[in-house]
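*Asks:* Mind the numbering: the sequence shown is residues -22 to -1, 1 to 94 in mature numbering (1 follows the signal peptide of the UniProt record, and there is no 0), read in order. Have a look at this one before I ask anything.
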Amino acid sequence: MMKRLLLTCTALLGFVVTTANANNFVANDDSVATALCMAVASDSINTLRDTLTLTRVSKNTVTMKLRCNDNRVEDFAKKYDLSKTARLLGLSLETNTSIKDLAANTPKTIYISGSR
């Protein structure tokens, strides 16, 4: 039953999530951890909330134990500027201020795998 819910959730995510900075996130596998990382990468509060409900994982567990691409969720959210999901998880994205040329960004495909 749980596996069916996870597969449904993963299918809803469409295996590919695109954020405002034009990065494409692709799931490496169909594990619960990867589904949670994909939900974080979606930068959508509704997607993350639905995935947390379907997988029955708490926000605290995600912030304290989950690792996305061998990074803590907070570091992962900072790296890809995932402000909406970071806000839902109660994470701070405060970093050093720098100037970035957004026009110079080229879309990248990032393969995501969660902790095991």
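Where is the CB? At the ideal position from N, CA and C, for every residue including glycine. Model, not experiment: these values are computed from the prediction.
Please go through the same chain and pick out, in chain order, the residues whose beta-carbon is closer than 6 Å to the beta-carbon of M45, but skip the five residues on each side of it.
*Replies:* For the record, residue 45 in the displayed sequence is Arg; it is not Met. Closer than 6 Å at the Cβ level, and outside the excluded window around R45, lie S93.
*Asks:* Can you pull the DSSP bridge partners for R50?
*Replies:* BP columns for R50 point to R45.
*Asks:* Would you give the residue range spanned by the alpha helix (DSSP H) that L67 belongs to?
*Replies:* Residues 61 to 67.
*Asks:* Measuring CA to CA, which of D8, V18, N47 is closest to L66?
*Replies:* Considering only alpha carbons, the answer is V18.
*Asks:* Nearest to D28 by CA position, among V4, T63, D53, is which residue?
*Replies:* When each option's Cα is compared against that of D28, the closest is T63.
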